[in-house]
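So the sequence shown is numbered by my numbering: it starts at 892 and just counts up by one. The structure appears below as C-alpha coordinates.
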Amino acid sequence: MKMSLIISGLIMLCAAGGYAAAEDVKKPAEETLFKKAVAYYYQQKFEMAELMLQEELKTNPENALAYSYLGDIFLLKKRYDGAMDLYRKAVDLNPSSAEDHFRIGQIYYYKKDGKTAIEEFRRAFEINENIKYAYYHMGLSYLMLMRDKKQTIECWETYLRIAPEDPQHEKIRRVIELLKDPNFTIPPVGSEISIEEALHLGGAVLKETAHQTEDKKAGHEKKKTKDTMEDVYRDDALK
(Lines of atoms letter the chains of each structure in order from A and count residues from 1; the text may use other names and numbers.)
(Lines give C-alpha, C1' and ligand atoms only; values in the text may rest on other atoms or scores of the structure.)
Protein backbone atom coordinates (compact mmCIF):
# COMPACT_ATOMS: atom_id res chain seq x y z
CA MET A 1 0.00 0.00 0.00
CA LYS A 2 1.38 3.37 -0.95
CA MET A 3 2.56 5.82 1.67
CA SER A 4 0.93 9.22 1.15
CA LEU A 5 3.38 11.95 0.33
CA ILE A 6 1.00 14.82 0.88
CA ILE A 7 1.65 15.48 4.48
CA SER A 8 1.52 18.84 5.79
CA GLY A 9 1.88 16.87 8.84
CA LEU A 10 1.96 13.07 8.15
CA ILE A 11 4.34 9.64 6.26
CA MET A 12 0.46 25.78 3.20
CA LEU A 13 0.73 34.62 4.53
CA CYS A 14 3.31 59.14 -0.13
CA ALA A 15 3.93 61.38 -2.56
CA ALA A 16 2.02 64.69 -2.50
CA GLY A 17 -0.54 66.25 -4.83
CA GLY A 18 -1.94 64.51 -7.91
CA TYR A 19 0.07 61.29 -7.39
CA ALA A 20 -1.53 60.67 -4.01
CA ALA A 21 -4.99 61.31 -5.42
CA ALA A 22 -4.39 58.88 -8.28
CA GLU A 23 -3.25 56.23 -5.83
CA ASP A 24 -6.39 56.72 -3.73
CA VAL A 25 -8.57 56.34 -6.79
CA LYS A 26 -7.06 53.12 -8.09
CA LYS A 27 -6.38 51.37 -4.80
CA PRO A 28 -9.94 50.06 -4.32
CA ALA A 29 -9.94 48.64 -7.87
CA GLU A 30 -6.69 46.80 -7.18
CA GLU A 31 -8.02 45.40 -3.92
CA THR A 32 -11.19 44.28 -5.67
CA LEU A 33 -9.21 42.51 -8.38
CA PHE A 34 -7.09 40.68 -5.83
CA LYS A 35 -10.08 39.69 -3.73
CA LYS A 36 -11.84 38.37 -6.82
CA ALA A 37 -8.75 36.35 -7.72
CA VAL A 38 -8.61 34.88 -4.23
CA ALA A 39 -12.32 34.04 -4.37
CA TYR A 40 -11.82 32.22 -7.68
CA TYR A 41 -8.85 30.40 -6.17
CA TYR A 42 -10.92 29.01 -3.31
CA GLN A 43 -13.65 28.04 -5.75
CA GLN A 44 -10.94 26.05 -7.57
CA LYS A 45 -11.45 28.17 -10.69
CA PHE A 46 -7.72 28.33 -11.13
CA GLU A 47 -7.60 29.62 -14.72
CA MET A 48 -9.61 32.72 -13.79
CA ALA A 49 -7.63 33.17 -10.59
CA GLU A 50 -4.36 32.92 -12.53
CA LEU A 51 -5.40 35.58 -15.05
CA MET A 52 -6.54 37.97 -12.33
CA LEU A 53 -3.43 37.45 -10.22
CA GLN A 54 -1.23 38.20 -13.22
CA GLU A 55 -3.19 41.41 -13.86
CA GLU A 56 -2.93 42.30 -10.17
CA LEU A 57 0.85 41.96 -10.30
CA LYS A 58 1.08 44.24 -13.33
CA THR A 59 -0.44 47.08 -11.30
CA ASN A 60 0.80 46.04 -7.86
CA PRO A 61 4.14 44.24 -8.29
CA GLU A 62 4.83 44.35 -4.54
CA ASN A 63 1.84 42.22 -3.57
CA ALA A 64 3.63 39.30 -1.94
CA LEU A 65 0.41 37.36 -1.42
CA ALA A 66 -0.43 37.58 -5.12
CA TYR A 67 2.92 35.97 -5.98
CA SER A 68 2.27 33.31 -3.37
CA TYR A 69 -1.23 32.44 -4.58
CA LEU A 70 -0.03 32.36 -8.17
CA GLY A 71 2.79 30.09 -7.03
CA ASP A 72 0.20 27.74 -5.54
CA ILE A 73 -1.59 27.56 -8.88
CA PHE A 74 1.64 26.82 -10.73
CA LEU A 75 2.44 24.17 -8.13
CA LEU A 76 -0.96 22.56 -8.65
CA LYS A 77 -0.16 22.43 -12.36
CA LYS A 78 3.26 20.92 -11.55
CA ARG A 79 4.97 23.91 -13.16
CA TYR A 80 7.70 23.66 -10.57
CA ASP A 81 10.22 26.14 -12.00
CA GLY A 82 7.55 28.81 -12.43
CA ALA A 83 6.20 28.17 -8.94
CA MET A 84 9.70 28.39 -7.48
CA ASP A 85 10.27 31.79 -9.13
CA LEU A 86 6.96 33.11 -7.76
CA TYR A 87 7.59 31.87 -4.23
CA ARG A 88 11.09 33.39 -4.32
CA LYS A 89 9.57 36.77 -5.25
CA ALA A 90 7.07 36.39 -2.42
CA VAL A 91 9.87 35.65 0.04
CA ASP A 92 11.94 38.59 -1.26
CA LEU A 93 9.00 40.86 -0.47
CA ASN A 94 8.09 39.11 2.77
CA PRO A 95 11.06 37.20 4.23
CA SER A 96 8.99 36.18 7.26
CA SER A 97 6.58 34.08 5.18
CA ALA A 98 7.12 30.65 6.67
CA GLU A 99 4.49 29.09 4.40
CA ASP A 100 6.34 30.19 1.26
CA HIS A 101 9.58 28.70 2.58
CA PHE A 102 7.65 25.49 3.22
CA ARG A 103 6.31 25.47 -0.36
CA ILE A 104 9.80 26.04 -1.72
CA GLY A 105 10.87 23.03 0.30
CA GLN A 106 8.08 21.02 -1.30
CA ILE A 107 9.34 21.92 -4.77
CA TYR A 108 12.88 20.87 -3.91
CA TYR A 109 11.40 17.63 -2.59
CA TYR A 110 9.59 17.05 -5.89
CA LYS A 111 12.86 17.76 -7.67
CA LYS A 112 14.46 15.15 -5.41
CA ASP A 113 16.90 17.64 -3.87
CA GLY A 114 16.62 16.39 -0.31
CA LYS A 115 19.34 18.56 1.23
CA THR A 116 17.84 21.86 0.03
CA ALA A 117 14.29 20.71 0.78
CA ILE A 118 15.29 20.02 4.38
CA GLU A 119 16.93 23.45 4.66
CA GLU A 120 13.72 25.15 3.53
CA PHE A 121 11.49 23.05 5.82
CA ARG A 122 13.78 23.86 8.73
CA ARG A 123 13.71 27.56 7.84
CA ALA A 124 9.89 27.50 7.75
CA PHE A 125 9.76 26.09 11.28
CA GLU A 126 12.37 28.57 12.54
CA ILE A 127 10.17 31.43 11.30
CA ASN A 128 6.91 29.99 12.59
CA GLU A 129 6.91 27.14 15.08
CA ASN A 130 3.23 26.52 14.38
CA ILE A 131 4.31 24.85 11.14
CA LYS A 132 5.04 21.69 13.05
CA TYR A 133 4.52 19.46 10.03
CA ALA A 134 7.81 20.83 8.65
CA TYR A 135 9.49 18.27 10.89
CA TYR A 136 7.46 15.49 9.34
CA HIS A 137 8.59 16.62 5.90
CA MET A 138 12.20 16.83 7.00
CA GLY A 139 11.95 13.23 8.11
CA LEU A 140 10.22 12.26 4.90
CA SER A 141 13.02 13.86 2.87
CA TYR A 142 15.65 12.01 4.88
CA LEU A 143 13.78 8.76 4.35
CA MET A 144 12.64 8.96 0.74
CA LEU A 145 15.46 10.96 -0.80
CA MET A 146 18.51 10.48 1.40
CA ARG A 147 17.81 6.99 2.81
CA ASP A 148 18.96 8.14 6.24
CA LYS A 149 17.25 6.16 9.01
CA LYS A 150 18.91 8.00 11.90
CA GLN A 151 17.89 11.47 10.75
CA THR A 152 14.40 10.27 9.78
CA ILE A 153 13.90 8.89 13.28
CA GLU A 154 15.18 12.08 14.93
CA CYS A 155 12.89 14.31 12.85
CA TRP A 156 9.83 12.15 13.34
CA GLU A 157 10.40 11.76 17.07
CA THR A 158 10.64 15.56 17.27
CA TYR A 159 7.45 15.83 15.25
CA LEU A 160 5.54 13.50 17.56
CA ARG A 161 6.81 15.43 20.57
CA ILE A 162 5.69 18.84 19.27
CA ALA A 163 2.51 17.56 17.58
CA PRO A 164 1.07 14.93 19.95
CA GLU A 165 -2.41 15.73 18.65
CA ASP A 166 -1.63 14.27 15.22
CA PRO A 167 -4.34 11.67 14.43
CA GLN A 168 -1.68 9.44 12.86
CA HIS A 169 0.51 9.62 15.95
CA GLU A 170 0.38 5.89 16.67
CA LYS A 171 1.06 4.88 13.08
CA ILE A 172 4.06 7.20 12.84
CA ARG A 173 5.35 5.82 16.13
CA ARG A 174 5.13 2.29 14.74
CA VAL A 175 7.07 3.31 11.65
CA ILE A 176 9.76 4.79 13.90
CA GLU A 177 9.96 1.50 15.78
CA LEU A 178 10.35 -0.36 12.51
CA LEU A 179 13.11 1.98 11.37
CA LYS A 180 14.90 1.38 14.68
CA ASP A 181 14.89 -2.36 14.07
CA PRO A 182 18.49 -3.25 13.11
CA ASN A 183 17.11 -5.94 10.80
CA PHE A 184 15.10 -3.43 8.78
CA THR A 185 16.97 -2.06 5.78
CA ILE A 186 15.81 0.86 3.68
CA PRO A 187 15.69 -0.26 0.04
CA PRO A 188 18.36 1.54 -1.98
CA VAL A 189 17.50 3.89 -4.82
CA GLY A 190 16.48 1.85 -7.86
CA SER A 191 15.41 -1.18 -5.83
CA GLU A 192 12.49 -3.24 -7.11
CA ILE A 193 10.97 -2.90 -3.65
CA SER A 194 9.85 0.61 -2.80
CA ILE A 195 10.17 2.12 0.66
CA GLU A 196 6.38 2.06 0.97
CA GLU A 197 6.31 -1.66 0.21
CA ALA A 198 9.13 -2.33 2.65
CA LEU A 199 7.26 -0.47 5.39
CA HIS A 200 4.06 -2.30 4.53
CA LEU A 201 5.80 -5.65 4.69
CA GLY A 202 7.24 -4.55 8.02
CA GLY A 203 3.75 -4.04 9.38
CA ALA A 204 3.50 -0.26 9.17
CA VAL A 205 0.90 1.29 6.91
CA LEU A 206 0.45 5.04 6.78
CA LYS A 207 -2.82 6.55 5.59
CA GLU A 208 -3.71 10.05 4.46
CA THR A 209 -5.10 12.42 7.04
CA ALA A 210 -6.23 16.04 7.16
CA HIS A 211 -3.65 18.34 8.70
CA GLN A 212 -4.42 22.03 8.74
CA THR A 213 -1.86 24.30 7.16
CA GLU A 214 -1.38 27.96 7.89
CA ASP A 215 -3.54 30.19 5.76
CA LYS A 216 -2.51 33.25 3.84
CA LYS A 217 -4.45 35.99 5.59
CA ALA A 218 -6.09 37.65 2.60
CA GLY A 219 -9.47 38.52 4.07
CA HIS A 220 -12.68 36.58 3.81
CA GLU A 221 -11.50 33.27 2.39
CA LYS A 222 -11.67 30.05 4.37
CA LYS A 223 -8.68 28.36 5.91
CA LYS A 224 -6.50 26.28 3.65
CA THR A 225 -6.33 22.70 4.77
CA LYS A 226 -4.65 19.62 3.46
CA ASP A 227 -7.99 18.66 1.93
CA THR A 228 -8.26 21.84 -0.14
CA MET A 229 -4.59 21.83 -1.15
CA GLU A 230 -4.20 18.06 -1.40
CA ASP A 231 -2.86 18.01 -4.93
CA VAL A 232 -0.20 20.58 -4.11
CA TYR A 233 1.44 18.29 -1.59
CA ARG A 234 0.94 14.94 -3.28
CA ASP A 235 3.79 13.13 -4.99
CA ASP A 236 2.88 9.48 -5.32
CA ALA A 237 5.51 8.93 -8.03
CA LEU A 238 8.50 9.09 -5.68
CA LYS A 239 9.86 5.69 -4.77
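The beta-carbon is built from N, C-alpha and C at its ideal position, and this holds for glycine as well.
Cα-Cα separation between residue i and residue j, rounded to whole angstroms
| i | j | result |
| --- | --- | --- |
| ASN1074 | ALA1054 | 28 Å |
| GLU938 | LEU1070 | 43 Å |
| ILE1086 | LEU967 | 25 Å |
| VAL982 | LEU924 | 22 Å |
| ALA940 | LYS980 | 18 Å |
| GLU1132 | ALA1008 | Residue 1132 is absent from the structure shown; the chain starts at 892 and stops at 1130. |
| TYR931 | PHE965 | 15 Å |
| ILE1077 | TYR1050 | 21 Å |
| GLU1048 | ARG1064 | 8 Å |
| LYS936 | ASP1057 | 31 Å |
| GLY1081 | LEU1092 | 18 Å |
| LYS926 | GLU990 | 20 Å |
Backbone secondary structure at residue i - three-state DSSP
| i | result |
| --- | --- |
| PHE925 | helix |
| THR950 | helix |
| THR1076 | coil |
| LYS1002 | coil |
| LYS1040 | helix |
Among the options, the one whose alpha carbon lies nearest that of residue i
| i | options | result |
| --- | --- | --- |
| ASN985 | ASN954, PHE965 and ASP972 | ASN954 |
| SER988 | GLU1083, GLN945, GLU1020 and ALA930 | GLU1020 |
| CYS1046 | GLY996, GLU1056 and MET1029 | MET1029 |
| ARG1052 | LYS1062, TYR1033 and LYS1023 | LYS1023 |
| LEU977 | ILE1044, THR1043 and GLN945 | GLN945 |
| THR1043 | LYS1062, VAL1066, LEU942 and GLU1061 | VAL1066 |
| LYS1003 | TYR1026, LEU1031 and ALA1025 | LEU1031 |
| LYS1040 | LEU1090, LYS926 and TYR1000 | LEU1090 |
| LYS969 | TYR1000, HIS992 and PRO952 | TYR1000 |
Proximity of residue i and residue j at Cβ, strictly below 8 Å
| i | j | result |
| --- | --- | --- |
| ILE998 | TYR958 | no |
| ARG1013 | GLY962 | no |
| GLY996 | MET1037 | no |
| GLU947 | ALA928 | yes |
Any C-beta of chain C under 8 Å from that of residue i
| i | result |
| --- | --- |
| TYR960 | Absent from the structure: chain C. Only one protein chain is present. |
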